[in-house]
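Colleague:
There are 2 protein chains.
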Amino acid sequence: MTQVGVNGYGTIGKRVADAVAAQPDMDLVGVAKTRPNFEAETAARKGYPLYAAVPERVDRFAEAGLDLAGEVEDLVAAADVIVDCTPSGIGAENAALYDDHDTPAIFQGGEDADVADVSFNARANFDDAVGADSARVVSCNTTGLSRILAPLDETYGVEKARVTLVRRGGDPGQTGRGPIDDILPDPVTIPSHHGPDVNTIFPDLDIDTLGMKVPATLMHTHSVNVTLESDADAADVRDRFADETRLFQIPAGADIDGAGKLKEFAHDAGRPRGDLWENCIWAESITVEGRDLYLFQAIHQESDVVPENVDAVRALRGDADAAESMATTEDAMGVGIDY
Amino acid sequence: MTQVGVNGYGTIGKRVADAVAAQPDMDLVGVAKTRPNFEAETAARKGYPLYAAVPERVDRFAEAGLDLAGEVEDLVAAADVIVDCTPSGIGAENAALYDDHDTPAIFQGGEDADVADVSFNARANFDDAVGADSARVVSCNTTGLSRILAPLDETYGVEKARVTLVRRGGDPGQTGRGPIDDILPDPVTIPSHHGPDVNTIFPDLDIDTLGMKVPATLMHTHSVNVTLESDADAADVRDRFADETRLFQIPAGADIDGAGKLKEFAHDAGRPRGDLWENCIWAESITVEGRDLYLFQAIHQESDVVPENVDAVRALRGDADAAESMATTEDAMGVGIDY
């Protein structure tokens, strides 16, 4: 059993902790948290050992009536692999701590690519991380793009990808973020960081990305164009995607017109937190004009990277190959939608 | 002086009426309105003769204290050219009335292309409408695309255009429309109607368009990709666009990051209703990768077609060539932003 610690217990960390706890070959050593807020309270109720991320704040947990198992350094020492789920930029600051303890570490996509030995997407480049000391799970949007580009590149070859990402302004809990009633080019310069980030997974792929930010919180939505190297038709592409567990094709007639209905569907299905770990691709939108493939996909920014983090643990440990790890992860979490 | 009647005095009609009244070679005969609402009240205050669009409702104008110059048929009979600014679908119903009076008619882009002899964009195909009996001014989005495609096609040749249109959910006054907090593929099938609509102006142009709808009201925003037939660089394209009065390049450093600031700029500049008749292109976004040009542009759905309607009047009458008409229109209205 691999002993896994989770440093940071916010939007991603709490989901990774639950996913790790569900795996048959992993134990959750504990989770580190900066503040004794409602998330720390929930971790305690779940029985997850709680560690103080900031030693100076140990007293605040006691004041909140929360028992601590120790400080973050104890968690790092006890873990075979640490998953860093701290906010962007903090992971890089933590890297020295993991190094000091020779604890293999997994970082999130908000860090620069050079924080880790390798950038990681389970479907696209699992083997690159096998035996590495550290891996960076690419961001939710880059994960969503990598999952469709891998099978397309293998089956048809990709001449060029052009993607417009319409990004949610903030997560549902980020009440202070905007925009309100506006559509902002973000960034106004081209490309956005997503294209270069995809190149950390597919170094030779020709991709240009444009980002905009809008007043929505539930999911990102991508307008995707991929110029294929060989002929395809839409039915072919749908069949090819049907083999991929982490791609959910929303059927025509499901009356799912946006992220609101997708989340309602996930809640009705009993998904924890209403999470959608899969790319949600509108099947009707899959269109081929000449060699140009188009589609719309919605990406749940809070959860699509969670199975990738679990797979990254096994890759760093060399415990399984990509297919075995992905199947184990999916089985334990319940990833995959059979509509 | 060309006698111009405006049938329909809502979002577009009231702007067209003001623009016609400002022209040195046109008289506004009057405007037809279905209901005596706040817009009819404003028309009366401006001294525009008011006609009842629905004969059965004549009494309601009297009850509201508004004098009528007649019914819509009188307006059509008195006009040399009628500009139909009624809601989508109503224009087609009105076509027979204009025919009966042999009054040349201009329709809006919400009508099907076959409502008129020709679809019209002043910059791209003014001459096609000269001497025609009717013209259809294409929609705000198609107008915005035509204005950039015309100079690009002339200068570099267009191999293929791929455009994602992030559409405002409704105008500011359309309080009952959504979405709230969502991003909807709209339509979910590809292409959206915009690509085929651009082909009514550029029949041979290869263009695919994708539409999404978001919770914003102020302007549409386009993510544009045009694969050019010949080499270009971004500075070239900026120089080329600088020659086009109806293209406003938002300078880097202007601190205009979205539609909210654009509208504030327009209001500060004293523009009537805060209108932005020009495509608003972020200069920083103009990027060329190989032969792929990218840019972001915001399109003010309430006003960008207004100068086009004025030019369409002159085209139907054969009163001026494209350059003369556009210059006269722009001079009378104050179109063009010198930043």
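These protein sequence lines map, in sequence, to chains A and B.
The working numbering applies: residue 1347 is where the first sequence begins, and numbers increase by one.
The working numbering applies: residue 1347 is where the second sequence begins, and numbers increase by one.
Here a beta-carbon is modelled for each residue, glycine too, at the ideal position from N, C-alpha and C.
Given the structure is predicted, the values throughout are model-derived calculations rather than measurements.
Skipping 5 residues on each side, what residues in its chain have a beta carbon closer than 6 angstroms to that of Y1717 (chain A)?
Modeller: Since the displayed chain A opens at 1347 and closes at 1685, residue 1717 (chain A) lies outside it and no answer follows.
Colleague: Quick check: the region 1496-1504 of chain A against the region 1568-1579 of chain A, are there 3 or more CB pairs under 8 angstroms?
Modeller: They touch, by the three-pair rule.
Colleague: May I have the straight-line CA-CA distance separating I1536 (chain A) from R1403 (chain B), to the nearest angstrom?
Modeller: Each residue's Cα considered, the two are about 54 angstroms apart.
Colleague: In whole angstroms, give me the CA-to-CA distance for A1334 (chain A) and M1347 (chain A).
Modeller: There is no way to answer for residue 1334 (chain A), as the model of chain A reaches only from 1347 to 1685.
Colleague: Output yes or no for whether 7 angstroms exceeds the beta carbon distance between G1354 (chain A) and T1449 (chain A).
Modeller: In this structure, T1449 (chain A) does not lie closer than 7 angstroms to G1354 (chain A) by Cβ.
Colleague: With distances taken between CB atoms, is the gap from V1377 (chain B) to A1363 (chain B) smaller than 7 angstroms?
Modeller: Going by C-beta atoms, V1377 (chain B) is nearer than 7 angstroms to A1363 (chain B).
Colleague: Take P1618 (chain B) and list the residues in its own chain whose beta-carbon comes closer than 7 angstroms to its own, dropping the five residues that flank it on each side.
Modeller: The residues are D1364.
Colleague: Looking at the C-beta of A1562 (chain B), does it have a partner C-beta in chain A at a distance below 7 angstroms?
Modeller: Answer yes: the Cβ-Cβ gap between A1562 (chain B) and chain A drops below 7 angstroms somewhere.
Colleague: Could you check which residue in B:D1517, B:A1415 and B:D1543 has the C-alpha nearest to that of D1552 (chain B)?
Modeller: Among B:D1517, B:A1415 and B:D1543, the Cα nearest to that of D1552 (chain B) belongs to B:D1543.
Colleague: Give me whichever residues DSSP pairs with C1626 (chain B) in a beta bridge.
Modeller: Answer is B:F1594 and B:A1644.
Colleague: Kindly list the residues whose CB is nearer than 7 angstroms to the CB of G1524 (chain A), restricted to its own chain and excluding five residues on each side of it in sequence; keep chain order.
Modeller: Taken in chain order, the residues that qualify are G1515.
Colleague: Given a limit of 9 angstroms on CB to CB distance, which residues of the region 1592-1604 of chain B reach chain A?
Modeller: The residues in question are I1596, A1598, D1603 and G1604.
Colleague: Residues of chain A with CB under 8 angstroms from W1628 (chain B), in chain order?
Modeller: The answer, in chain order, is P1531 and V1534.
Colleague: Mind checking if S1492 (chain B) is an interface residue toward chain D, Cβ cutoff 7 angstroms exclusive?
Modeller: Absent from the structure is chain D; the protein chains it does hold are A and B.
Colleague: Write down the C-beta distance between Y1397 (chain B) and V1418 (chain B) rounded to the nearest angstrom, noting that I regard them as a contact closer than 8 angstroms.
Modeller: Y1397 (chain B) to V1418 (chain B), Cβ: 5 angstroms. Contact.
Colleague: Going along the chain, which residues of its own chain have a beta-carbon closer than 8 angstroms to the beta-carbon of D1589 (chain B), five neighbours each way excluded?
Modeller: So the qualifying residues of the chain are P1497.
Colleague: For P1653 (chain B), which beta-bridge partners are listed by DSSP?
Modeller: DSSP lists no partner for P1653 (chain B).
Colleague: Name the chain B residues that come within less than 7 angstroms of R1508 (chain A), Cβ to Cβ?
Modeller: The answer, in chain order, is R1508 and N1571.
Colleague: Indicate whether at least one CB of chain A lies closer than 7 angstroms to the CB of Y1685 (chain B).
Modeller: No - not a single Cβ of chain A is within 7 angstroms of the one on Y1685 (chain B).
Colleague: Taking 7 angstroms as the CB-CB limit, is L1396 (chain A) close to chain B?
Modeller: False, the Cβ-Cβ gap to chain B never drops below 7 angstroms.
Colleague: Taking Cβ-Cβ distances shorter than 8 angstroms, what residues in chain B pair up with P1549 (chain A)?
Modeller: By Cβ distance, chain B contributes nothing, its closest Cβ being about 17 angstroms from P1549 (chain A), past 8 angstroms.
Colleague: So the candidates are B:L1414, B:F1466, B:D1638 and B:D1373; which of them puts its Cα closest to the Cα of R1493 (chain B)?
Modeller: Closest option to R1493 (chain B), Cα to Cα, is B:F1466.
Colleague: Is the beta carbon of A1615 (chain A) sitting closer than 7 angstroms to the one on A1644 (chain A)?
Modeller: No, they are not a contact pair.
Colleague: Contact between the region 1559-1573 of chain A and the region 1473-1493 of chain A is defined here as three or more beta-carbon pairs at a separation below 8 angstroms; is this criterion met?
Modeller: Yes, the region 1559-1573 of chain A is in contact with the region 1473-1493 of chain A.
Colleague: Can you tell me where the alpha helix (DSSP H) with A1669 (chain A) in it begins and where it stops?
Modeller: A1668 to M1679 is the span of the alpha helix (DSSP H), which, as asked, contains A1669 (chain A).
Colleague: If you draw a straight line from the C-alpha of G1509 (chain A) to the C-alpha of S1631 (chain A), how long is it?
Modeller: Here the sequence assigns Val to residue 1509 (chain A), which means Gly is not the residue at that position. Cα to Cα, V1509 (chain A) sits roughly 14 angstroms from S1631 (chain A).
Colleague: Going along the chain, which residues of its own chain have a beta-carbon closer than 7 angstroms to the beta-carbon of A1410 (chain B), five neighbours each way excluded?
Modeller: Only P1382 meet the Cβ criterion.
Colleague: Beta carbon of M1372 (chain A), beta carbon of V1400 (chain A): below 7 angstroms?
Modeller: No, they are not a contact pair.
Colleague: With a threshold of 16 other CB atoms inside 10 Å of the CB of D1296 (chain B), please say whether the residue is buried or exposed.
Modeller: Examination of residue 1296 (chain B) is not possible in this model, given that chain B is present from 1347 through 1685 alone.
Colleague: With 16 other CB atoms within 10 Å as the buried threshold, where does I1428 (chain A) fall?
Modeller: Classification of I1428 (chain A): buried, given that the 10 Å Cβ count is 16 or more.
Colleague: How is the beta strand (DSSP E) around N1467 (chain B) delimited, first residue to last?
Modeller: Neither: N1467 (chain B) is in no beta strand (DSSP E) and is coded neither H nor E.
Colleague: Chain B beta carbons: is any one of them nearer than 7 angstroms to that of F1611 (chain A)?
Modeller: Judged by the 7 angstroms Cβ criterion, F1611 (chain A) is not in contact with chain B.
Colleague: Confirm, please, whether the CB-CB distance from A1462 (chain B) to D1657 (chain B) is below 7 angstroms.
Modeller: Not a contact, by the Cβ cut-off of 7 angstroms.
Colleague: Are D1430 (chain B) and A1415 (chain B) closer than 7 angstroms when you measure CB to CB?
Modeller: Cβ distance not < 7 angstroms, so D1430 (chain B) and A1415 (chain B) don't count as in contact.
Colleague: At a CB distance below 9 angstroms, what residues from the region 1630-1651 of chain A approach chain B? Give them in sequence order.
Modeller: For the region 1630-1651 of chain A, which is checked against every Cβ of chain B, the residues closer than 9 angstroms are E1630, S1631, I1632, T1633, E1635, G1636, D1638, Y1640, L1641, F1642 and A1644.
Colleague: Can you check whether the CB of L1662 (chain A) is closer than 7 angstroms to the CB of N1625 (chain A)?
Modeller: Taking 7 angstroms as the Cβ cut-off, N1625 (chain A) and L1662 (chain A) do not qualify as a contacting pair.
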